[in-house]
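Last residue of the sequence shown? That's 876 in this note's numbering, and every number before it is there in order.
Virtual Cβ for every residue (Gly too), placed ideally from N, Cα, C.
Please read these numbers as outputs of a predicted model, since none were measured by experiment.
Everything on this sheet refers to the single structure shown next.
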Amino acid sequence: MKILFCASEAFPFAKSGGLADVAHALPKALAQSDEVTLMLPLYRCMSFERERLQKMAEKRLSFGGADYRVTLHTLQYAGMRVVFVESPPLSERDYLYGSPGSAYGDNDLRFALFSHAIAAFAQEERFDILHLNDWHTALAALFAREAEVEGKILFTIHNLAYQGVFDECRLSLLGIAKRHFQMDGVEFYGKINFLKAGIAWCDALTTVSPTYAKEILTPEFGCGLEGFLRLHAGKLTGILNGIDTTLFDPRNDAMIACPMKRKISTFKKCNKKVLSHAQNDLPLFVFIGRLTEQKGVDLLIALVEELASLPLRFYFLGEGDPQIGMWLEQMSKTYENMEYYSGYDEAFAHQLYAAADFLVMPSRFEPCGLNQMIAMRYGTVPIVHAVGSLKDTVHATGYRCGLGLPYTPNEA
Ligand code: ADP
465 MKILFCASEA
475 FPFAKSGGLA
485 DVAHALPKAL
495 AQSDEVTLML
505 PLYRCMSFER
515 ERLQKMAEKR
525 LSFGGADYRV
535 TLHTLQYAGM
545 RVVFVESPPL
555 SERDYLYGSP
565 GSAYGDNDLR
575 FALFSHAIAA
585 FAQEERFDIL
595 HLNDWHTALA
605 ALFAREAEVE
615 GKILFTIHNL
625 AYQGVFDECR
635 LSLLGIAKRH
645 FQMDGVEFYG
655 KINFLKAGIA
665 WCDALTTVSP
675 TYAKEILTPE
685 FGCGLEGFLR
695 LHAGKLTGIL
705 NGIDTTLFDP
715 RNDAMIACPM
725 KRKISTFKKC
735 NKKVLSHAQN
745 DLPLFVFIGR
755 LTEQKGVDLL
765 IALVEELASL
775 PLRFYFLGEG
785 DPQIGMWLEQ
795 MSKTYENMEY
805 YSGYDEAFAH
815 QLYAAADFLV
825 MPSRFEPCGL
835 NQMIAMRYGT
845 VPIVHAVGSL
855 KDTVHATGYR
865 CGLGLPYTPN
875 EA
């Protein structure tokens with residue numbers, strides 16, 4: 465099949481979370497048997513040398529009474545063709561996203577532009593499957609339908625908490641016809657909801673785990689879209705995400721100090737030694753992730769006195785909510801065995817997975833979550849809330865690190 469896979473981020477080009485891991489691993493795996501094109505925005509902050517890109521085409525996209533200059537670039541990567549969409553409003557940023565009111569309050573225009581570019585590209589080159597992911601690409605389902613693009617549209621929800629909700633007054637600027645601003649279209653309590661376009665106009669709808677597929681149909685996890693999702697439940701399936709086991713491979717990971725050989729205990733001891741301050745004799749707990757209410761890091765902060773009094777070390781790596789960041793800074797200053805590393809650091813995350821004994825993931829909800837899968841791959845025991853895919857992936861019995869190494873209770 466010819467597949468066009470579209471996302472706002474994909475490792476190794478741009479990554480802010482699990483979407484990037486999946487937008488790398490899934491098309492790469494599909495490319496072993498199918499003809500896959502991965503389409504991404506080109507961001508100024510992307511991590512690769514621009515000389516590697518080949519210019520494919522220059523275009524003008526006209527919508528909302530304006531013309532936008534768009535340049536398509538390409539490179540071959542992991543058996544697939546990657547196509548980058550460059551256009552000044554979309555690309556000239558130091559970060560991938562921003563929130564309304566911040567310097568990046570024009571995310572609606574940026575990702576509507578990306579979605580128009582996707583639909584135009586899908587119209588030019590015929591694909592069997594147009595696979596759209598999350599709200600950033602959801603409008604492409606509507607634009608592709610309007611352009612009568614051939615092939616089937618698959619839309620995947622990676623996290624229902626992010627829907628791309630914007631003011632109604634932006635409708636015509638974004639090139640969305642007024643007739644679609646109604647309950648069975650993009651209208652959502654008087655605002656425009658990008659995610660609804662993906663749900664409404666796709667042929668098949670997936671989410672990233674079987675449990676989350678059920679949860680999102682309920683008021684507790686439906687984020688206000690449970691009714692709309694129930695209407696479209698006939699085309700909804702939950703398919704569990706996976707990780708790229710060659711990228712997250714403790715036997716062969718250039719980012720960690722000591723590769724895994726035979727014994728997990730030796731692997732842990734050696735990797736712990738290279739982390740500053742880590743005392744080898746204390747169990748090491750880590751939290752790695754976005755600092756948001758979803759990830760439940762505040763639940764750990766509430767327990768900090770109790771945790772700090774135990775014979776353990778606890779490392780936190782993350783960025784996000786400034787308030788949570790301040791609490792973690794404070795905690796790190798107060799307690800000698802609690803450390804906070806602010807920021808996004810791929811290599812350090814790998815080092816933590818390798819060194820830690822336990823990964824703590826008290827998420828309030830979790831569509832899939834990759835941290836717990838990566839942790840298990842590195843012989844790190846995940847401690848998780850029984851929600852979403854954490855229920856599908858972490859089992860109370862039979863912990864194994866997934867490498868087929870001999871399992872002994874002592875080592876676990
Ligand atoms: P999310 O909800 O953020 O997508 P996932 O568990 O699905 O969460 O995936 C998170 C991915 O991002 C994992 O690869 C994890 O290691 C990585 N990650 C999260 N925060 C950081 C950070 N601060 N530094 C490095 N990697 C991070």
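Near ligand 1: residue i beta-carbon under 7 Å from a heavy atom
i, result
"Asn716", "no"
"Arg754", "yes"
"Ala483", "This sequence places Leu at residue 483; Ala is not what is there. Answer for Leu483: yes, Cβ within range of ligand 1."
"Asp809", "yes"
"Gly529", "no"
"Gly628", "no"
"Leu781", "yes"
"Ala664", "no"
"Cys687", "no"
"Gly833", "yes"
"Asn623", "yes"
"Ala839", "no"
"Ala820", "no"
"Ala474", "no"
"Ala586", "no"
"Ala813", "yes"
Span of the beta strand (DSSP E) around residue i
i, result
"Leu540", "In the sequence as displayed, the identity of residue 540 is Gln instead of Leu. Looking at the DSSP string, the run of the beta strand (DSSP E) that includes Gln540 is 530-541."
"His595", "593-597"
"Glu550", "544-550"
"Lys523", "518-527"
Cross-strand partners of residue i (DSSP beta bridge)
i, result
"Ser555", "Paired residue(s): none; Ser555 is not in a bridge."
"Gly654", "DSSP, once it has assigned bridges, lists no residue as partnering Gly654."
"Gly702", "Thr671"
"Glu499", "Lys466"
"Arg777", "Leu748"
"Lys616", "Ile593"
"Ala478", "Ala474"
"Tyr804", "Phe780"
"Ile847", "Val824"
"Ile440", "Residue 440 is absent from the structure shown; the chain starts at 465 and stops at 876."
"Leu504", "Phe548"
"Leu755", "Gly784"
Buried or exposed (CB count within 10 angstroms, at least 16 for buried), residue i
i, result
"Glu810", "exposed"
"Glu550", "buried"
"Lys736", "buried"
"Thr501", "buried"
"Ala860", "exposed"
"Ser633", "The amino acid occupying residue 633 in the given sequence is Cys; Ser does not appear at that position. Exposed, since its Cβ has fewer than 16 Cβ neighbours within 10 Å."
"Ala604", "buried"
"Thr709", "exposed"
"Glu473", "buried"
"Leu430", "Missing from the structure shown is residue 430; the chain here goes from 465 to 876 and no further."
"Cys509", "exposed"
"Ala608", "buried"
"Ser853", "buried"
"Thr620", "buried"
"Arg777", "buried"
"Ala586", "buried"
"Asp531", "exposed"
"Leu624", "buried"
Residue interval of the alpha helix (DSSP H) (run including residue i)
i, result
"Met837", "835-841"
"Leu494", "482-494"
"Glu770", "768-772"
"Pro786", "786-798"
"Tyr817", "810-819"
"Lys736", "728-737"
"Val629", "Taken as a continuous stretch (DSSP letters only), Val629 belongs to no alpha helix (DSSP H), being part of the beta strand (DSSP E) at 629-631."
"Gly852", "852-857"
"Ser511", "No alpha helix (DSSP H) holds Ser511; DSSP gives it neither H nor E."
"Glu830", "Premise fails: Glu830 is in no alpha helix (DSSP H) and is neither H nor E."
"Arg694", "690-695"
"His644", "No alpha helix (DSSP H) holds His644; DSSP gives it neither H nor E."
"Asn571", "571-588"
"Leu764", "761-765"
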